[in-house]
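For the sequence shown, our numbering assigns the number 404 to the last residue and increments by one with no breaks. Input: a single structure, listed below in structure tokens.
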Amino acid sequence: MPSLRETLNGHLREKHEIIFIAPEYDLFSDDLSPIPGVRGSKYGIEIAKCSWLLPLKRFRRHIRKMRESNSLPSPFRWLINMSILFFLTVTFLLKAFKVCKKDAFKPDLIYAHNQYSALAGFLLGKLWKVPNVTRLYGTFLADLMAKPFVSLRYPTAAAGYLVPSSLLICTNDGTRGDEVARKFRISQKRFRFWQNGVEPPSSPPKMTREDFLTRNPKLNINSKWIVSCSRLSYWKRIDRMLNALVVCKKEGVDCQLIIAGDGPEKENLQNIAKKSHIEDSIVWLGAVDHDDIWGLLNVSDVFTITNDVTNRCNPLYEAAWATLPVVSVKDPSTSDLLIHGENALLADKENPTALGQYLCQICRNEKMKEKMKDSQKRLSASFWTWEERMKAEVKELEKVIRPLGR
């Protein structure tokens, strides 16, 4: 995840020593394979064994298959999420004690990433008498806060806010985490609501279309390249892009949809593409190194993002930094970033025909494309770099550590 990677790299730039404890498996997908190891890490990575998670994943997958739906009935979802929170807390506690004893590592701060690790972070902070920080990468609670007993109905999501912490950092990703914090009456003295930064390349990307062609011969060097960068999860709604591509092909637009990313929805999306007879116009790149993403954005024509929940995310910032015009869906989370007709073309979420027509329009109209590129330059000038973003965070972390004389 780019924001996690850049957070850790930001701490390294400030000469912090990090031991990062990660679960063995992805908590949120039904994939039974361990998470691939991180290559070339400059910080210590310890994997917390989570064999208990496999039966829960199988059970979750079985319920979904029985219902033929990605959603789970509320009682099953509640039970599974609470089980994950309990067992993961115990697993993290045991692993943290083992690692610190083995390496004689004495932490000055416990940093919990996401709601599932918040309780472990709090308990470790109390046991070791050091501050604990919780970092949330978004929330789905904003539209549910008016419902009764929300913290009991969605305890794992609420835990990120309600578990005590010295500092609570919430990403401004369009999911309105600040509204949730106010409704939970989180003290603004310990709450920070920040947009992610952008990590631009140190020098202009040198990769050309020819370079990408040598890696993937399915690419057509003369076509318009429409690029998407995201994990292939259901709520990312890549299917909207596929339906829009059908419109482009009917209109005779010579374009390719280049999808950078992997995930549990890939097989389903490939089946949709095949049934729609557009598989030859899609290039599945799979997971792509971050440096290569910059190169890809630099040689593409259009960026598209069609998420269900929020489109305010790192790939959108990076596309703006690369001055790519954007074709997206109307979304309150990006209302201050994407202006229809200025730097983007925006369709209603359930109107794939309009989305496709906008793709056709930007592919055909070079004058519009250049105008939008200029608008993106002005927008990206207002963004934090990750270095600036992390300097602000480190300053706040030092405040919570300093009273202890550390």
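We put the CB at the ideal spot given by N, CA and C, even for glycine.
query	result
Aspartate 289 versus Leu25, Pro203, Ile167, Ser69, residue with shortest Cα-Cα distance	Pro203
Three or more C-beta pairs below 8 angstroms linking the region 44 to 58 and the region 86 to 98	yes
Straight-line gap, leucine 217 to alanine 342 (C-alpha atoms, nearest Å)	25 angstroms
DSSP beta-bridge partners of isoleucine 338	Correcting the residue identity first, residue 338 is histidine in this sequence and not isoleucine. Note: histidine 338 sits in a beta bridge opposite Ala342.
Same chain only: Cβ atoms within 7 angstroms of asparagine 312, ignoring 5 sequence neighbours per side	Pro0, Ser1, Asn194
Under 8 angstroms between C-beta atoms of isoleucine 167 and arginine 190	yes
Assigned exposure category for methionine 370 - 16 Cβ within 10 Å defines buried	buried
Backbone secondary structure at valine 327 - three-state DSSP	strand
Cutoff 6 angstroms; reference phenylalanine 297; Cβ partners in own chain excluding five residues on either side	According to the sequence displayed, residue 297 carries valine and not phenylalanine. Only Arg207 meet the Cβ criterion.
Through-space distance from valine 178 to alanine 140, alpha-carbon basis	6 angstroms
Cα-Cα separation between leucine 52 and isoleucine 82, rounded to whole angstroms	11 angstroms
Supposed close pair glycine 158, alanine 116 - CB separation, criterion 8 angstroms	5 angstroms
Among Thr169, Val300, His60, Lys96, nearest to glutamate 391 - alpha-carbon criterion	Thr169
Alpha carbon of tryptophan 406 to alpha carbon of glycine 172, nearest angstrom	The displayed coordinates of the chain run from -1 to 404. Any statement about residue 406 would go beyond what the structure contains.
Residue span of the alpha helix (DSSP H) that contains valine 148, given as start and end	148 to 151
Best match in Trp76, Gly136, Phe210, Val131 for proximity to valine 406 [C-alpha to C-alpha]	Past the edges of the chain, shown from -1 to 404, lies residue 406, and the structure says nothing about it.
Phenylalanine 191, enclosing beta strand (DSSP E) - first and last residue	189 to 192
Residue ranges of each beta strand (DSSP E) within the region 147 to 183, 3 or longer	165 to 169
Pair within 8 angstroms by beta-carbon distance, valine 244 and isoleucine 276	yes
Simplified DSSP assignment, three categories, for asparagine 130	strand
Cα-Cα separation between valine 148 and arginine 75, rounded to whole angstroms	14 angstroms
Nearest residue (CA-CA) to asparagine 451, options Gly293, Leu150, Lys124	Residue 451 lies beyond the residue range present for the chain, which begins at -1 and ends at 404; the question has no answer from this structure.
Residue from Phe301, Lys397, Val307 whose Cα sits closest to the Cα of tyrosine 356	Phe301
Cβ shell of isoleucine 184 (< 8 angstroms), same chain only, five flanking positions each side left out	Tyr159, Leu166
Inter-residue Cα distance where the pair is threonine 132 and aspartate 252	47 angstroms
Residue from Gly42, Phe90, Pro71, Pro21 with nearest C-alpha to proline 32	Pro21
Outcome for alanine 317 when other beta-carbon atoms lying within 10 angstroms are tallied against a minimum of 16	buried
Contacts around isoleucine 256, its chain only, beta-carbon distance under 6 angstroms, and the 5 residues preceding and following it disregarded	Trp223, Val225, Val281
Beta-carbon spacing of cysteine 361, aspartate 299 below 8 angstroms	yes
CA-to-CA distance, serine 201 to glycine 293, given in whole angstroms	11 angstroms
Three-way DSSP call (helix, strand, coil) for histidine 111 in this model	strand
Nearest-angstrom Cα separation, counted from glycine 42 out to tryptophan 233	32 angstroms
CB contact flag (leucine 122, asparagine 112, <8 angstroms)	no
The beta strand (DSSP E) enclosing tryptophan 282, as first and last residue numbers	280 to 284
Closest by C-alpha distance to tyrosine 315, when choosing among Arg174, Leu335, Phe120	Leu335
Backbone CA spacing between proline 105 and arginine 174 [nearest angstrom]	32 angstroms
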